[in-house]
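This report concerns only the one structure given below.
Structure below.
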């Protein structure tokens, strides 16, 4: 027996709710409006006029997995900011992947324009049949001789090059202990035992058993979309100080068979020892906590295990401005199919807390997101974000998401076998997605507004790597984007923002020469911001070794505290804004 | 399946017997699925979403039961709906309204969308389909296998088949599974793609909930075995058309791509049930 009036009320409420869901569910992405045209922050793409003409070419793999080749080979575009000639200016090293194609080394002329010198330097011809293809590079002074060397990670045999000076690099891989076949998309230099010599962590993607150009099996893929453990083995190599490296993975407990796309080192638990944060595809992120430089423990119950996603990058920052390490890990969001959401986490480990998840605005859903970097684009004292997106852009009418959704529900044995996946054909998969620029509101409840279109960074290439550096020395960060099968873009910061800034170029003495792992805390007024000198950050990328801080319009007295990896702490009062400060660690 | 299923095990009045009724078993099955999904795979991402969804389902059921019918309604249907939505709904990061709205619409549909005294949609199916169709920019369904683990699948299917067998709706589950496989093979042949990729979705959690809870829900399925089998085959056939439409990139097909079986049941279920109810009414 029903009651007519309550029933009528129920009907009204029901249809009202349906209407609201339809309105809310199709409403365009929310968020704050970006700055109006002519606003102070603006970028202009200027690669060609700066002498940067480089297009990434993908590798081709064994025809046995031709049906999935577009998916498998959709990485390889990479860019690192380095100082190859030791002149203190940021140079660029860009990677391509096709057999026979050359990587490029762009040397900064001093005004932000470049000369390409890779062939002369011996860093061009690294994509040789039988030796694998380049996936990226990490630059650091591993031999503490005062110039930056480079480790090139590859699907194949990675290569270590020693900088001999005068733009001459020698391949010293053989005999270094690093010569082995891996399918790596990342590596990071850091000094885990704080002995003053850099060590190297190499993350792996496909199992090292597979030569992707000469496969013995088509079962090369992940065995689960969320809990996969069948990737290649990650390795930690201890730098012996004589140019050789020792595999200490087992002894230190840093092994992982997750599909690692990114690894970044910073002191997350604030105990003075650098930890390792991994962004893993097909699995949760992993944080290896350094226990006294002798062993690592995989952190548990800190909020990572319950959010298994598709980690693509690990960007390091201090989003709350509290001197507290933050990470931004990109993932996948696709309307109707998958809303993993990017992760923005702040470490509360020193208080016994978790890696606190803060992402909920435009920073959470950027599409199929890859590389990202924190940086103060408008010099207002906050960590902004640049995020590049898009997986495979081919047909504009046909996409692979529906086919992907079928295989996503399969059991492990089916997923692993690339031959069992539907043919990719000419389909796109999250293609033509726009690069995002997320400006931070700063403060303890950080909020981002997406302003890519408004500030002129809105290309729809398949972005992979992004790096930030003040290329022209004008105190404003440029944005460099490496696109898969697309051009290397250089967005010059051409806005009229008049905020102050300061930069630091650190050189270790007791610590490793590059000061990797050093933390710089800048304080002025009631504001503070911390940055860590790191090698790998983002995806397939490395930022400028120099740390750039925005200070807002009138910072007043600026105090700077440097915590060197050696444990030494230096404090500088009344630091002069508007210049790069070269600071050497006091000698023992 | 819902708690309004016929009490196949009889009513012997003892506590032990009550634990083995279809109602209790189906409740046990969904609870087992959720507990394993969370414990083994962290599939729920914590229990907050479960609490919100379950709370909204139960609250809506109590509110509408008292208001519209003046009685305290049984809550097992709300429980099963809340569990199903919690497992399958995957909204945009940070959004909680889809859990609330989905739960309220699911339970509300039982009281509002009725024909000849019966509700027409399985509540979970209604809520999920409406959210996917109306809010695609905010809501997706669980698109990954729970661990892509064959052993877990075997355990769930074994227990699930035992439960639906006891509830005397095994024929529905088996009809759907068989129809799905036949249509998958047909699609693979038409499209020239591996059979495995076409059959693969059947092992996913969306299909487990579909086969054991939504398709087999007695109040929302036709009254005879033959009609139930026919209705189930039609659901599978419509789903097959949806899938082919997506493989061939037909205009508009993307609307149903995230959840072809859920939307097929959403469209076919009320029609076959409505026709059955009308036929039964005429016969009476």
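Chains as they are written, first to last, in my numbering: chain A, 1 to 588; chain B, 1001 to 1284. For every residue, glycine included, the Cβ atom is placed at its ideal position computed from N, Cα and C.
### Message
Measuring straight from C-alpha to C-alpha, what distance separates residue 59 of chain A and residue 157 of chain A?
### Response
What you label residue 59 of chain A is simply residue 59 of the first chain in a count that begins at 1. What you label residue 157 of chain A is simply residue 157 of the first chain in a count that begins at 1. Spanning the two alpha carbons is a distance of roughly 15 Å.
inquiry  = Let's test the definition: count the other Cβ atoms within 10 Å of the Cβ of residue 1115 of chain B and tell me whether it reaches 16, buried, or not, exposed.
reply    = Counting from one through the second chain, the residue named residue 1115 of chain B turns up at place 115. Under this definition residue 1115 of chain B is an exposed residue.
Q: For residue 1198 of chain B, return the contacting residues in chain A, with the cut-off set at a CB-CB distance below 8 Å.
A: For the purposes of this step, residue 1198 of chain B is taken as the residue at position 198 of the second chain. Those are 406, listed as they occur along chain A.
- What does a CB cutoff of less than 8 Å around residue 1108 of chain B pick up in its chain, not counting 5 residues either side in sequence? For the purposes of this step, residue 1108 of chain B is taken as the residue at position 108 of the second chain. Taken in chain order, the residues that qualify are 1060 and 1064.
To the nearest angstrom, how far is it from the Cα of residue 125 of chain A to the Cα of residue 97 of chain A? For the purposes of this step, residue 125 of chain A is taken as the residue at position 125 of the first chain. For the purposes of this step, residue 97 of chain A is taken as the residue at position 97 of the first chain. Approximately 11 Å between the Cα atoms of the pair.
Nearest-angstrom Cα separation, counted from residue 251 of chain A out to residue 296 of chain A: Residue 296 of chain A sits at position 296 when you count from the first residue of the first chain. Residue 251 of chain A sits at position 251 when you count from the first residue of the first chain. About 9 Å.
- Item | Chain-order list of residues whose beta-carbon lies under 8 Å from that of residue 44 of chain A (same chain, five-residue window excluded) | Walking along the first chain from the start, residue 44 of chain A turns up at place 44. Excluding positions up to five away in sequence, the list reads 456, 491, 492 and 494.
Q. Expressed to the nearest angstrom, what Euclidean distance is found between the alpha-carbon atoms of residue 475 of chain A and residue 111 of chain A?
A. Locating residue 475 of chain A in the first chain gives position 475, counting from the first residue. Locating residue 111 of chain A in the first chain gives position 111, counting from the first residue. Distance between the alpha carbons of residue 475 of chain A and residue 111 of chain A: 12 Å.
Chain-ordered chain A contacts of residue 1203 of chain B [CB-CB under 8 Å]
Along the second chain, read from residue 1 onward, the residue named residue 1203 of chain B stands at position 203. Within chain A, the residues near residue 1203 of chain B are 409, 410 and 411.
Notebook entry, point to check: My guess is that residue 1130 of chain B and residue 1258 of chain B are in contact by the Cβ rule of under 8 Å, so how many angstroms apart are they, rounded?
Noted result: As a position in the second chain, residue 1130 of chain B is number 130, starting the count at 1. As a position in the second chain, residue 1258 of chain B is number 258, starting the count at 1. In fact, because the Cβ distance is near 13 Å, the residues do not count as touching under 8 Å.
Compute the beta-carbon to beta-carbon distance between residue 1025 of chain B and residue 1169 of chain B, rounded to the nearest angstrom, for a pair I have assumed lies under 8 Å.
Taking the second chain and counting its residues from 1, one reaches residue 1025 of chain B at position 25. Taking the second chain and counting its residues from 1, one reaches residue 1169 of chain B at position 169. That belief does not hold up - the Cβ atoms of residue 1025 of chain B and residue 1169 of chain B are roughly 12 Å apart, past 8 Å.
Can you tell me whether residue 568 of chain A is helix, strand or coil according to DSSP?
To locate residue 568 of chain A, count along the first chain from 1; it is residue 568. It is coil, neither helix nor strand.
- Query: Are the Cβ atoms of residue 266 of chain A and residue 279 of chain A separated by less than 9 Å?
  - Reply: Within the first chain, numbered from 1, the residue matching residue 266 of chain A stands at position 266. Within the first chain, numbered from 1, the residue matching residue 279 of chain A stands at position 279. Result no, Cβ atoms of residue 266 of chain A and residue 279 of chain A do not sit closer than 9 Å.
Please confirm whether residue 258 of chain A has its beta-carbon closer than 9 Å to some beta-carbon of chain B.
Residue numbering aside, residue 258 of chain A sits at position 258 when the first chain is read from its first letter. Closer than 9 Å: no.
**Prompt:** Of all the beta strand (DSSP E) runs that stay within the bounds of the region 265-302 of chain A, which reach a length of 3 or more residues?
**Reply:** 275-281, 286-291 and 295-298
Legend entry - Residues near residue 1237 of chain B in its chain [Cβ-Cβ closer than 6 Å; skip 5 each side]: The residue you call residue 1237 of chain B lines up with position 237 of the second chain. Nothing listed; no residue qualifies.
Notebook entry, point to check: Around the C-beta of residue 465 of chain A, are 16 or more other C-beta atoms found within 10 angstroms, so that it is buried, or is it exposed?
Noted result: Along the first chain, read from residue 1 onward, the residue named residue 465 of chain A stands at position 465. Under this definition residue 465 of chain A is a buried residue.
Verify the CB distance criterion: does residue 1067 of chain B have a CB-CB separation below 9 Å to chain A?
For this step, residue 1067 of chain B is matched to residue 67 along the second chain. Cβ-Cβ to chain A under 9 Å: yes for residue 1067 of chain B.
Check your understanding: Counting only runs that start and end within the region 120-196 of chain A, where is the alpha helix (DSSP H) found for 4 or more residues in a row?
Key -> none
Item checked: Per-residue burial, residue 324 of chain A [other beta carbons within 10 Å of its own, 16 or more giving buried] -> What you label residue 324 of chain A is simply residue 324 of the first chain in a count that begins at 1. By the neighbour-count rule (16 or more Cβ atoms within 10 Å), residue 324 of chain A is buried.
Can you find the residues in the same chain that come closer than 6 Å, C-beta to C-beta, to residue 1179 of chain B, ignoring five residues on each side of it along the sequence? Within the second chain, residue 1179 of chain B is the residue found at index 179, counting from 1. Correct list, in chain order: 1233 and 1236.
Under 8 Å, with one C-beta from each stretch per pair, do the region 1094-1112 of chain B and the region 1046-1061 of chain B reach the 3-pair mark? yes
So which residues of chain B does residue 6 of chain A contact, with C-beta pairs closer than 7 Å?
Here residue 6 of chain A corresponds to residue number 6 of the first chain, with the count starting at 1. Going along chain B in sequence order, the residues near residue 6 of chain A (Cβ under 7 Å) are 1067 and 1068.
Q) Can you list, in chain order, the residues of its chain whose CB lies under 7 Å from that of residue 458 of chain A, leaving out five sequence neighbours each side? A) For this step, residue 458 of chain A is matched to residue 458 along the first chain. Contacts found: 434, 435 and 452.
**Request:** Would you verify that the beta carbon of residue 215 of chain A is, or is not, closer than 9 Å to some beta carbon of chain B?
**Result:** Position 215 of the first chain, counted from the first residue, corresponds to residue 215 of chain A. Not one chain B Cβ lies under 9 Å of residue 215 of chain A.
*Using Cβ-Cβ distances below 8 Å, what residues of the region 1122-1134 of chain B are close to chain A?*
1130, 1131, 1132 and 1134
So, under 8 Å CB-CB, residue 512 of chain A and residue 196 of chain A are touching, yes? Tell me the CB distance rounded to an integer number of Å. One-based indexing of the first chain puts residue 512 of chain A at position 512. One-based indexing of the first chain puts residue 196 of chain A at position 196. Contact flag correct, Cβ pair sits at about 6 Å.
Query raised in the report: When the cut-off is 9 Å and only beta carbons count, does residue 239 of chain A lie next to chain B?
Result: Working through the first chain from its first residue, we reach residue 239 of chain A at position 239. So, not an interface residue.
Would you kindly check if the distance between the Cβ of residue 341 of chain A and the Cβ of residue 390 of chain A is under 9 Å? Against the first chain, residue 390 of chain A aligns to sequence position 390. Against the first chain, residue 341 of chain A aligns to sequence position 341. Result no, Cβ atoms of residue 390 of chain A and residue 341 of chain A do not sit closer than 9 Å.
Measuring only the C-alpha atoms, how far is residue 16 of chain A from residue 23 of chain A?
On the first chain, position 16 is the one that residue 16 of chain A refers to. On the first chain, position 23 is the one that residue 23 of chain A refers to. When rounded, the distance between both Cα atoms is 11 Å.
Cβ neighbour criterion (16 or more within 10 Å) applied to residue 1243 of chain B: One-based indexing of the second chain puts residue 1243 of chain B at position 243. When all chains shown are included, residue 1243 of chain B counts as buried.
Does the beta carbon of residue 1236 of chain B sit closer than 9 Å to a beta carbon anywhere in chain A?
Counting from one through the second chain, the residue named residue 1236 of chain B turns up at place 236. It does not; no Cβ of chain A falls within 9 Å.
**Q.** One or two residues paired with residue 1214 of chain B in a DSSP bridge
**A.** To locate residue 1214 of chain B, count along the second chain from 1; it is residue 214. None; residue 1214 of chain B has no bridge partner.
Could you check what DSSP says for residue 431 of chain A in three-state terms: helix, strand or coil? Taking the first residue of the first chain as position 1, residue 431 of chain A is located at position 431. Three-state result, residue 431 of chain A: coil.
* Asked: Which value, in whole angstroms, describes the spacing of the CA atoms of residue 7 of chain A and residue 401 of chain A?
  -> Reading the first chain from its first residue, position 7 is the one you call residue 7 of chain A. Reading the first chain from its first residue, position 401 is the one you call residue 401 of chain A. So the two alpha carbons sit approximately 42 Å from each other.
Following the continuous beta strand (DSSP E) through residue 1091 of chain B, name the residue where it begins and the one where it ends.
Numbered from 1 along the second chain, position 91 holds the residue referred to as residue 1091 of chain B. Note, residue 1091 of chain B: beta strand (DSSP E), 1089-1091.
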